[in-house]
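One point on numbering: in this note's numbering, the residue at position 92 of the sequence shown is 423, and numbering is uninterrupted.
No residue lacks a Cβ here, since even glycine has one placed at the ideal position from N, Cα and C.
All of these numbers come straight from a predicted model, not from anything done at the bench.
In what follows, a structure is listed as structure tokens, so that the remarks can point back to it.
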Amino acid sequence: MNNTRPARSNLIYVVLLVILGALLFSSFTRNRETIPSVDIGEVAQQARAGQVERIAVSGQELTVEFADGKTARSRKEDAGSVVETLRNLGVPESAFGSGPNQIQITVQPPSFWTSAGPLLASVVPVLLLAVFVLFLMRQAQGAGNQALLFGK
Numbered sequence: 332m333n334n335t336r337p338a339r340s341n342l343i344y345v346v347l348l349v350i351l352g353a354l355l356f357s358s359f360t361r362n363r364e365t366i367p368s369v370d371i372g373e374v375a376q377q378a379r380a381g382q383v384e385r386i387a388v389s390g391q392e393l394t395v396e397f398a399d400g401k402t403a404r405s406r407k408e409d410a411g412s413v414v415e416t417l418r419n420l421g422v423p424e425s426a427f428g429s430g431p432n433q434i435q436i437t438v439q440p441p442s443f444w445t446s447a448g449p450l451l452a453s454v455v456p457v458l459l460l461a462v463f464v465l466f467l468m469r470q471a472q473g474a475g476n477q478a479l480l481f482g483k
């Protein structure tokens, strides 16, 4: 068969595909808004002072809303709940609940990209390598199998 497309144009398509994939990945993983990050100890200190209104939990990520309207992000350890963590840091049990001047805690399911990110990070390189090997094999077949007949 006569392959009229030069190898350079195929390489350009592969490079453009990789760049497009990187742009898509970065657009999904980038935070849309800049929210400051605070330590869990600071969250506990603010909770003891009565400055925390709500905490939204998504996995180990915490989104903390303060009484002055500001929002911050924090992280907790894998073990235990947010209430246990804050209780261990000195926040009294009476600070939690749904009443006035109490911290409302809501648990949200983790986003799709939180669980799919590590899977994609391990599968995508393997797929790219497989596509690259197939590309090389097609190029070798296009040359009349001469590349694989060097030992004869």
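Enclosing beta strand (DSSP E) for I436 [first to last residue]: As a first step, residue 436 is located in the sequence shown; it is residue number 105 there, counting from the start. Q435 to V438 is the span of the beta strand (DSSP E), which, as asked, contains I436.
Under 8 Å between C-beta atoms of G372 and L417: Taking the first residue of the sequence shown as position 1, residue 372 is located at position 41. Taking the first residue of the sequence shown as position 1, residue 417 is located at position 86. No, they are not a contact pair.
Secondary structure of I386, DSSP reduced to three states: Here the question's residue 386 lines up with position 55 in the sequence shown. Strand at I386.
Beta-carbon proximity check, V374 vs S405, cutoff 8 Å: Here the question's residue 374 lines up with position 43 in the sequence shown. Here the question's residue 405 lines up with position 74 in the sequence shown. Result yes, Cβ atoms of V374 and S405 sit closer than 8 Å.
C-beta atoms of A488 and V369 nearer than 8 Å: The question about residue 488 has no answer, for the chain in this structure spans 332 to 483.
For I436, the nearest candidate out of G428, S442 and F443 (CA to CA): Within the sequence shown, the letter at position 105 stands for residue 436. With distances taken between Cα atoms, I436 lies closest to G428.
Rounded C-alpha distance that separates G390 from P449: For this step, residue 390 is matched to residue 59 along the sequence shown. For this step, residue 449 is matched to residue 118 along the sequence shown. Cα-Cα distance, rounded: 15 Å.
Exposure of A410, with buried meaning 16 or more beta-carbon neighbours within 10 Å: Within the sequence shown, the letter at position 79 stands for residue 410. Exposed.
8 Å contact criterion, which V413 and I386 should meet: CB distance rounded: To locate residue 413, count along the sequence shown from 1; it is residue 82. To locate residue 386, count along the sequence shown from 1; it is residue 55. Confirmed, Cβ separation roughly 6 Å.
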